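In the working numbering, the protein residues as written are 15 to 329.
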């Protein structure tokens, strides 16, 4: 049985999306249980009881615009803190949240711990799944020295090799493929990655290689990754609007979007399986984020990544 801890309070559309998404997932997956952590309100409609659905009422919510301050780590009754604690206490196999990214990363490091000292957790998004191709980092870390970017490459490579039969082929996102291009940080990262036996490093990657080419792990800092992600989402919305009403075109774009990529991102590098959904997620995206969490829990992703990293350290 896969046990999901769901933080219901992070999304822009409120906890209703989490309740409805959980019910849809439970109807489709008979080997899944979901525990929803929520903050009660007068207008909140509690779902009907279900033998595989547990509701946990919390007295605090971490807002989407809250800053990362010391008091955050004392708010143990918040829905986010409680859902992560379930993962730490091994009463759940995966945590799914749509909430504050900065708070999620900080609390995950605090509550769950990291897989390896000085290996910073990173948000990873599957750009598409057949074949598997990922972008890392998406915003967990904004100011990244070369050593941190090398860590992202290792985490991304371990992710790809844990979830597919592919050999990880890493590219470092840059303004060009020429050796003279890029910032001091990028050029030093390129030097460090080139000297490593694993992961297999193929050099710089330009923006066009995000969606085509043979590099299946694209590495960048969180500022760039988040901008790339939001720009891609904006382009999709733009195309959907332009193709609306054009016979066949709109459905083709939407079908590709729904079938070729995951909903949500995975925080890799912490001691647990953790999915961060988009704050603007609607019901299908909420369901997709939960199902993504179920998939990585089935694969025991965290343990697989840890084993891969340990094997490389032993060599």
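All C-beta atoms, glycine included, are put in the ideal place defined by N, C-alpha and C. Note that the structure is predicted; figures quoted are calculated from it, not measured.
Query	Result
Residue ranges of each beta strand (DSSP E) run of no fewer than 3 residues wholly in the segment 144-229, ordered along the chain?	146-150, 183-187 and 214-219
Answer with buried or exposed for residue 294, where buried requires no fewer than 16 other C-beta atoms within 10 angstroms of its C-beta.	exposed
DSSP three-state label for residue 76, please.	coil
Taking its Cβ as the centre, do 16 or more other Cβ atoms sit within 10 Å of residue 90, making it buried, or is it exposed?	exposed
Candidates 221, 319 and 281: which alpha carbon is nearest residue 241's?	221
Label residue 29 either buried or exposed according to how many other C-beta atoms from any shown protein chain fall within 10 Å of its C-beta, with 16 as the threshold for buried.	buried
CB-CB under 6 Å to residue 229, same chain, minus the five flanking residues each way: which ones, in chain order?	183, 185, 216, 219 and 223
What is the residue span of the alpha helix (DSSP H) that residue 17 lies within?	Looking at the DSSP string, residue 17 is not in any alpha helix (DSSP H); the run it does join, the beta strand (DSSP E), is 16-21.
Taking 6 Å as the limit between beta carbons, can you name the residues of its chain near residue 235, skipping five residues before and five after?	158
Say whether chain D places a C-beta atom closer than 7 Å to the C-beta of residue 212.	The displayed structure is made up of one protein chain only, and chain D is not part of it.
Is DSSP giving residue 132 helix, strand or coil here?	coil
Buried or exposed for residue 155, going by 16 or more other Cβ atoms inside 10 Å?	buried
On the DSSP bridge assignment, give the partners of residue 305 in chain order.	DSSP, once it has assigned bridges, lists no residue as partnering residue 305.
DSSP beta-bridge partners for residue 247?	Answer is none; residue 247 lacks a bridge partner.
Measuring CA to CA, which of 86, 150, 151 and 36 is closest to residue 17?	36
Taking only runs of the alpha helix (DSSP H) that begin and end inside the segment 78-137, which ones reach a length of at least 4 residues, in chain order?	93-102 and 115-126
Taking Cβ to Cβ, would you say residue 289 is nearer than 7 Å to residue 311?	no
Could you tell me how far apart the beta carbons of residue 172 and residue 323 are, in whole angstroms, since I believe they sit closer than 8 Å?	6 Å
Determine, using beta carbons only, whether residue 69 and residue 50 come nearer to each other than 7 Å.	yes
I'd like to know whether the C-beta atoms of residue 21 and residue 93 end up nearer to each other than 7 Å.	yes
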